[in-house]
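*Asks:*
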Amino acid sequence: MSKIEYRNREFLYQKYVVENKSYDEIAEITNTSKQTIWYWIIKFGIPRKPKRPYRRMINPNLLIQEYVHNKKSIRQLAKIFNKSEKTIRRQLVDFNIPRRHAGYPKGVRSEEKHPRWKGDNAKDEAGRARALRWFKNKKPCEKCGSPEGHRHHKDGNPKNNNHENIQWLCHLCHMKIHREKKKE
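Residues 22 to 205, numbered by the numbering used here, are exactly what the sequence shown covers, in order.
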(Lines of atoms letter the chains of each structure in order from A; the text may use other names.)
(Lines give C-alpha, C1' and ligand atoms only; values in the text may rest on other atoms or scores of the structure.)
Protein backbone atom coordinates (compact mmCIF):
# COMPACT_ATOMS: atom_id res chain seq x y z
CA MET A 22 0.00 0.00 0.00
CA SER A 23 1.03 3.50 -0.69
CA LYS A 24 1.92 5.78 2.22
CA ILE A 25 -0.39 8.39 0.72
CA GLU A 26 -3.47 6.20 1.32
CA TYR A 27 -3.80 7.06 5.03
CA ARG A 28 -3.93 10.73 4.05
CA ASN A 29 -7.17 10.04 2.18
CA ARG A 30 -10.29 10.92 4.24
CA GLU A 31 -12.53 8.30 2.56
CA PHE A 32 -9.96 5.55 3.15
CA LEU A 33 -9.61 6.43 6.85
CA TYR A 34 -13.37 6.80 7.30
CA GLN A 35 -13.95 3.40 5.69
CA LYS A 36 -11.37 1.62 7.87
CA TYR A 37 -12.00 3.45 11.16
CA VAL A 38 -15.77 4.00 11.19
CA VAL A 39 -17.29 1.48 8.77
CA GLU A 40 -14.93 -1.46 9.34
CA ASN A 41 -14.42 -0.48 13.03
CA LYS A 42 -10.65 -0.98 12.90
CA SER A 43 -8.39 0.42 15.62
CA TYR A 44 -5.52 2.90 15.15
CA ASP A 45 -3.10 -0.03 15.49
CA GLU A 46 -4.83 -2.10 12.82
CA ILE A 47 -4.94 0.79 10.33
CA ALA A 48 -1.30 1.63 11.08
CA GLU A 49 -0.32 -1.97 10.34
CA ILE A 50 -2.24 -1.93 7.03
CA THR A 51 -0.64 1.35 5.95
CA ASN A 52 2.79 0.54 7.37
CA THR A 53 2.91 3.65 9.58
CA SER A 54 2.54 4.51 13.29
CA LYS A 55 -0.71 4.71 15.21
CA GLN A 56 0.14 8.31 16.17
CA THR A 57 0.18 9.21 12.47
CA ILE A 58 -3.23 7.58 11.95
CA TRP A 59 -4.56 9.41 15.03
CA TYR A 60 -3.23 12.72 13.65
CA TRP A 61 -4.96 12.30 10.27
CA ILE A 62 -8.25 11.14 11.81
CA ILE A 63 -8.29 14.30 13.95
CA LYS A 64 -7.24 16.47 10.98
CA PHE A 65 -10.05 15.12 8.76
CA GLY A 66 -12.59 15.59 11.55
CA ILE A 67 -13.61 11.93 11.53
CA PRO A 68 -15.72 11.32 14.66
CA ARG A 69 -13.69 9.43 17.25
CA LYS A 70 -14.98 6.32 18.97
CA PRO A 71 -15.98 6.74 22.60
CA LYS A 72 -13.29 5.71 25.04
CA ARG A 73 -13.69 2.35 26.63
CA PRO A 74 -14.49 2.44 30.33
CA TYR A 75 -11.51 2.17 32.66
CA ARG A 76 -12.66 -1.21 33.88
CA ARG A 77 -15.68 -3.36 33.43
CA MET A 78 -17.74 -3.16 36.57
CA ILE A 79 -19.13 -6.18 38.32
CA ASN A 80 -22.87 -6.02 38.87
CA PRO A 81 -23.13 -4.57 42.41
CA ASN A 82 -26.27 -6.56 43.23
CA LEU A 83 -24.55 -9.79 42.26
CA LEU A 84 -21.46 -8.83 44.26
CA ILE A 85 -23.59 -8.09 47.35
CA GLN A 86 -25.50 -11.34 46.89
CA GLU A 87 -22.35 -13.46 46.66
CA TYR A 88 -20.16 -11.62 49.21
CA VAL A 89 -22.66 -10.54 51.87
CA HIS A 90 -25.50 -13.08 51.66
CA ASN A 91 -23.69 -16.20 50.36
CA LYS A 92 -20.54 -15.38 52.42
CA LYS A 93 -18.12 -16.10 49.56
CA SER A 94 -14.51 -15.05 50.10
CA ILE A 95 -12.69 -12.51 47.96
CA ARG A 96 -10.62 -15.34 46.49
CA GLN A 97 -13.77 -17.26 45.54
CA LEU A 98 -15.31 -14.13 44.00
CA ALA A 99 -12.15 -13.53 41.96
CA LYS A 100 -12.52 -17.00 40.46
CA ILE A 101 -16.27 -16.59 39.85
CA PHE A 102 -15.92 -13.22 38.10
CA ASN A 103 -12.58 -14.03 36.47
CA LYS A 104 -10.95 -10.98 38.08
CA SER A 105 -8.00 -10.46 40.38
CA GLU A 106 -8.48 -10.32 44.16
CA LYS A 107 -7.28 -6.71 44.06
CA THR A 108 -10.08 -5.84 41.60
CA ILE A 109 -12.68 -7.49 43.83
CA ARG A 110 -11.42 -5.54 46.87
CA ARG A 111 -11.50 -2.31 44.84
CA GLN A 112 -15.08 -3.02 43.70
CA LEU A 113 -16.15 -3.66 47.30
CA VAL A 114 -14.80 -0.21 48.19
CA ASP A 115 -16.42 1.40 45.10
CA PHE A 116 -19.83 -0.01 46.04
CA ASN A 117 -19.43 0.77 49.79
CA ILE A 118 -19.76 -2.88 50.74
CA PRO A 119 -18.24 -3.39 54.23
CA ARG A 120 -15.39 -5.89 54.26
CA ARG A 121 -15.47 -9.01 56.39
CA HIS A 122 -12.26 -9.84 58.18
CA ALA A 123 -10.45 -13.12 57.90
CA GLY A 124 -12.63 -15.64 59.63
CA TYR A 125 -13.59 -13.52 62.63
CA PRO A 126 -17.10 -12.17 63.13
CA LYS A 127 -17.20 -8.39 63.28
CA GLY A 128 -17.00 -6.98 66.80
CA VAL A 129 -15.53 -10.13 68.35
CA ARG A 130 -12.15 -9.74 69.95
CA SER A 131 -10.11 -12.20 68.00
CA GLU A 132 -6.62 -11.42 69.24
CA GLU A 133 -6.52 -14.62 71.29
CA LYS A 134 -6.79 -16.62 68.06
CA HIS A 135 -3.85 -14.81 66.43
CA PRO A 136 -0.66 -16.91 66.24
CA ARG A 137 1.48 -14.08 67.70
CA TRP A 138 -0.88 -13.33 70.58
CA LYS A 139 1.16 -12.84 73.76
CA GLY A 140 -1.62 -12.15 76.24
CA ASP A 141 -0.22 -10.99 79.59
CA ASN A 142 3.34 -11.62 78.39
CA ALA A 143 3.03 -8.49 76.24
CA LYS A 144 4.61 -5.18 77.22
CA ASP A 145 2.60 -2.46 78.98
CA GLU A 146 2.55 -0.39 75.76
CA ALA A 147 0.90 -3.31 73.94
CA GLY A 148 -1.77 -3.47 76.67
CA ARG A 149 -2.46 0.26 76.30
CA ALA A 150 -2.62 -0.06 72.52
CA ARG A 151 -5.04 -2.98 72.91
CA ALA A 152 -7.20 -0.87 75.23
CA LEU A 153 -7.24 1.92 72.62
CA ARG A 154 -8.57 -0.54 70.03
CA TRP A 155 -11.12 -2.14 72.33
CA PHE A 156 -12.47 0.99 74.03
CA LYS A 157 -12.71 3.53 71.22
CA ASN A 158 -15.88 5.30 72.34
CA LYS A 159 -15.09 7.73 75.12
CA LYS A 160 -17.54 7.96 77.99
CA PRO A 161 -18.07 10.73 80.57
CA CYS A 162 -16.12 10.77 83.82
CA GLU A 163 -17.65 8.42 86.39
CA LYS A 164 -16.60 10.69 89.30
CA CYS A 165 -17.44 14.26 88.24
CA GLY A 166 -19.52 13.74 85.05
CA SER A 167 -17.14 15.68 82.76
CA PRO A 168 -17.74 14.69 79.11
CA GLU A 169 -14.01 14.13 78.47
CA GLY A 170 -13.50 10.65 79.92
CA HIS A 171 -10.27 8.63 79.68
CA ARG A 172 -9.66 4.96 80.39
CA HIS A 173 -8.25 4.10 83.78
CA HIS A 174 -7.19 0.59 84.76
CA LYS A 175 -8.48 0.10 88.31
CA ASP A 176 -5.86 -2.50 89.24
CA GLY A 177 -3.04 -0.47 87.62
CA ASN A 178 -2.25 -3.21 85.10
CA PRO A 179 -2.57 -1.80 81.54
CA LYS A 180 -2.65 -5.35 80.15
CA ASN A 181 -5.83 -6.18 82.10
CA ASN A 182 -8.51 -4.85 79.73
CA ASN A 183 -11.56 -6.56 81.21
CA HIS A 184 -14.62 -4.29 81.26
CA GLU A 185 -14.79 -4.58 85.05
CA ASN A 186 -11.23 -3.22 85.30
CA ILE A 187 -11.84 -0.13 83.12
CA GLN A 188 -13.06 3.06 84.73
CA TRP A 189 -13.84 6.25 82.79
CA LEU A 190 -12.32 9.36 84.37
CA CYS A 191 -11.61 12.93 83.23
CA HIS A 192 -7.98 14.01 83.18
CA LEU A 193 -8.16 15.72 86.60
CA CYS A 194 -9.83 12.79 88.38
CA HIS A 195 -7.45 10.37 86.66
CA MET A 196 -4.36 12.25 87.82
CA LYS A 197 -5.82 12.58 91.34
CA ILE A 198 -6.16 8.78 91.62
CA HIS A 199 -2.59 8.24 90.39
CA ARG A 200 -1.23 10.81 92.87
CA GLU A 201 -3.05 9.05 95.71
CA LYS A 202 -1.63 5.68 94.63
CA LYS A 203 1.87 7.18 94.50
CA LYS A 204 1.56 8.39 98.09
CA GLU A 205 0.69 4.89 99.32
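Don't be surprised by glycine CBs; every beta carbon is placed ideally from N, CA and C.
(1) Using the Cα positions of PRO68 and ALA48, report the straight-line distance between them to the nearest angstrom.
(2) I'd like the list of long-range same chain contacts for LYS159, defined as Cβ closer than 6 Å, with 5 residues on each side in sequence excluded.
(3) Name the one or two DSSP bridge partners that GLN188 has.
(4) Would DSSP call LYS48 helix, strand or coil?
(5) Starting from LYS114 and walking both ways along the alpha helix (DSSP H), at which residues does that stretch end?
(6) Spatial neighbours of ASP115 within its chain, please: CB distance less than 6 Å, with the 5 preceding and 5 following residues excluded, ordered by chain position.
(7) Can you tell me which of TRP61, GLU205, ARG151, SER167 puts its alpha carbon nearest to the alpha carbon of ILE187?
(8) Could you tell me if TYR60 is buried or exposed, where buried requires 16 or more neighbouring beta carbons within 10 angstroms of its beta carbon?
*Replies:* From the atom records:
(1) Taking C-alpha positions only, PRO68 is separated from ALA48 by approximately 18 Å.
(2) GLY170
(3) HIS173
(4) According to the sequence shown, residue 48 is Ala rather than Lys. DSSP places ALA48 in helix when its eight states are reduced to three.
(5) Here residue 114 turns out to be Val, not Lys, going by the sequence shown. Segment 106-115, the alpha helix (DSSP H) holding VAL114.
(6) none
(7) ARG151
(8) exposed
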